[in-house]
Ligand SMILES: Cc1cc2nc3c(=O)[nH]c(=O)nc-3n(C[C@H](O)[C@H](O)[C@H](O)COP(=O)(O)O)c2cc1C
């Protein structure tokens, strides 16, 4: 068995969080009917330790399941706000946003490390089949008061395969408990799971499926990444963690699942049967109550699980939860890769979590920009077409282009640049030839346009940044307004003045 790493094994991830004082084991009984979720929501909003709930009302003895809240929430541990994101990707907990994006993209240049099949693993410790399974008996948390049901699946990984077995997709999409043996959930046709589902529909057969909870942290990160179609996530994850993942065959179909997953549902997704699903609070922090939609049924034929398994959950809503720390971060990495592959001088990228996975900041490499001998309009249009026309572009409403004196991961910098350098109308470039995910509130609930809702590139750079080698302005800040020797003295004597050390 390969060495256990935090990125490759949830239990090791939790051990390290605990050692770093970023995990709280909650032994007090909590009610799955909203109390557990409300605690987790407060944890996101205060950037508190991730709670591992061990004593859930209605949970019998050692059965299914403990619940891990805010698995990739932000952290209050000094210097490691992004610690859970970094650790999920095999980085030290103090890694910066730029290091995180760089790590994901470095893995892109490596050969995929295909998963290694093993004969058994912890996920096979216990097995249940057929009518011995009763999803309604599980202490599934109710996540928000306006949700249309209990969502068991918010941070698990679906695995599906094309009928010919040539492409396997690992991805996250929500799932609500429907009855004893069925979940119900949306399958968006544009996503890879939707494309594969259509292939099974064309063939006239229900889609074999597995849903894995508590998978290696790097796997769930990549499950939320819009990597190119026909790429297997598993090989990319192996390259990312530096070890092939160990997978084991399902009991009732040919799908391979991570051997160290906490628990796995095996079954089929119906191509004919649907049931009402939702609503569920969305990643942008809004829900329109009472709006359910018919969605396919996911039938569970087998359940395998390790001793005392853990269900990781994401309580969607206002930032910062996993839709932002996982989905948006992985979109950013993909977009940076797409820009660089298209020869665009973009050196860094980020999604301010406060934009709820809708606005993205791209930082320009000015040296390369000047070599292009371009101008604001030409360049902004080029970026817009490359990014909005790409697979992740569908999720993105707004791009902020910033220069080198603006840190894309610092919202204060981004707002400063947008407010001071982006001239309304003149520095904004609109695109209506690319579609938007309808979940964005102004798309689903905004004014209906004649064509598609527009997307925008906001150029937060001045025209001179496209022409002059040196920036013509100086910045009014501690770092910009004083010579180095004065800065050094003030830093050195900070505590002597009577301030607390920073
Ligand atoms: C916590 C979390 C929850 C998500 N929930 C959903 C969801 O309910 N529906 C959905 O379509 N995508 C959801 N996503 C986004 C998809 O996982 C993501 O777009 C993924 O890239 C799609 O996979 P694909 O590349 O295979 O198309 C979620 C992502 C995360 C991180």
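Numbering (the working numbering), first residue to last: 374 to 875. Yeah, the Cβ is synthetic: ideal placement off N, Cα and C, and Gly gets one too. This one's a predicted model, so the numbers in the text were calculated from it and none came from an experiment.
Alpha-carbon spacing of residue i relative to residue j, whole angstroms
| i | j | result |
| --- | --- | --- |
| residue 499 | residue 681 | 10 Å |
| residue 860 | residue 852 | 7 Å |
| residue 552 | residue 588 | 25 Å |
| residue 661 | residue 652 | 7 Å |
| residue 390 | residue 576 | 46 Å |
| residue 377 | residue 592 | 14 Å |
| residue 888 | residue 543 | Lying before the first or after the last residue shown, residue 888 is absent from the chain, which here runs from 374 to 875. |
| residue 514 | residue 455 | 26 Å |
| residue 491 | residue 633 | 11 Å |
| residue 741 | residue 854 | 27 Å |
| residue 471 | residue 723 | 8 Å |
| residue 715 | residue 708 | 11 Å |
| residue 876 | residue 475 | The structure shown has nothing for residue 876, since the chain only spans 374 to 875. |
| residue 351 | residue 640 | Residue coverage of the chain in this structure runs from 374 to 875, which leaves residue 351 outside it and unanswerable. |
| residue 412 | residue 457 | 18 Å |
| residue 700 | residue 478 | 15 Å |
| residue 766 | residue 867 | 46 Å |
| residue 772 | residue 444 | 28 Å |
| residue 790 | residue 821 | 30 Å |
| residue 393 | residue 818 | 43 Å |
| residue 432 | residue 512 | 6 Å |
| residue 519 | residue 807 | 32 Å |
| residue 614 | residue 488 | 12 Å |
| residue 464 | residue 380 | 8 Å |
| residue 801 | residue 728 | 18 Å |
| residue 731 | residue 705 | 11 Å |
| residue 570 | residue 534 | 9 Å |
| residue 607 | residue 617 | 8 Å |
| residue 395 | residue 837 | 46 Å |
Bounding residues of the alpha helix (DSSP H) (the contiguous stretch that carries residue i)
| i | result |
| --- | --- |
| residue 708 | 702-714 |
| residue 471 | 470-481 |
| residue 883 | This structure cannot settle anything about residue 883, because the visible part of the chain is limited to 374 through 875. |
| residue 859 | 857-866 |
| residue 573 | 565-576 |
| residue 386 | 383-392 |
| residue 403 | Element bounds for residue 403: n/a, residue is neither H nor E. |
| residue 465 | From DSSP, residue 465 is part of no alpha helix (DSSP H); its letter is neither H nor E. |
DSSP three-state assignment for residue i, whether helix, strand or coil
| i | result |
| --- | --- |
| residue 672 | strand |
| residue 588 | coil |
| residue 410 | helix |
| residue 620 | strand |
| residue 490 | strand |
| residue 698 | helix |
| residue 875 | coil |
| residue 718 | coil |
| residue 379 | coil |
| residue 594 | helix |
| residue 814 | helix |
First and last residue of the uninterrupted beta strand (DSSP E) at residue i
| i | result |
| --- | --- |
| residue 629 | 629-631 |
| residue 684 | 683-686 |
| residue 640 | 636-650 |
| residue 399 | 396-399 |
Which listed residue (the options) has its alpha carbon closest to that of residue i
| i | options | result |
| --- | --- | --- |
| residue 530 | 557, 550 and 583 | 583 |
| residue 693 | 473, 615, 442 and 446 | 446 |
| residue 779 | 513, 700, 828 and 735 | 735 |
| residue 494 | 722, 629, 799 and 849 | 629 |
| residue 504 | 555, 464, 532 and 496 | 555 |
| residue 668 | 398, 560 and 626 | 560 |
| residue 579 | 749, 646, 526 and 518 | 646 |
| residue 815 | 796, 769 and 790 | 769 |
| residue 744 | 849, 604 and 717 | 717 |
| residue 666 | 540, 638 and 650 | 650 |
| residue 567 | 644, 614, 441 and 747 | 644 |
| residue 657 | 689, 440 and 638 | 689 |
| residue 611 | 595, 537, 603 and 545 | 595 |
| residue 547 | 793, 696, 863 and 506 | 696 |
| residue 747 | 840, 864 and 386 | 840 |
Any chain B beta carbon closer than 8 Å to residue i
| i | result |
| --- | --- |
| residue 711 | Here there is only one protein chain, and chain B is not present. |
Residue i: CB within 7 Å of a non-hydrogen atom of ligand 2
| i | result |
| --- | --- |
| residue 700 | Because ligand 2 does not appear in the structure shown, any question about it cannot be addressed here, the ligands present being ligand 1. |
(request) Return the chain-ordered ranges of every beta strand (DSSP E) run that is complete within the segment 418-458 and spans a minimum of 3 residues. (result) Counting only runs of 3 or more, we get 423-426 and 439-442.
(request) Starting from the N-terminal side, write out each stretch of the alpha helix (DSSP H) that is 4 residues or longer and does not extend beyond the segment 724-805. (result) Here the runs fully enclosed are 739-745, 749-761 and 784-794.
(request) Output the residue ranges of the beta strand (DSSP E) runs that lie fully inside the segment 820-855 and measure 3 residues or longer, sorted by chain position. (result) Taken in chain order, the complete beta strand (DSSP E) segments of 3 or more residues contained in the segment 820-855 are 828-832.
(message) My parser needs the beta strand (DSSP E) runs of 3 or more residues fully inside the segment 496-567; what are they?
(response) Taking 3 residues as the shortest admissible run, the segment 496-567 contains the following complete beta strand (DSSP E) segments, listed from N- to C-terminal end: 499-502, 524-526, 530-534, 541-544, 548-550 and 555-557.
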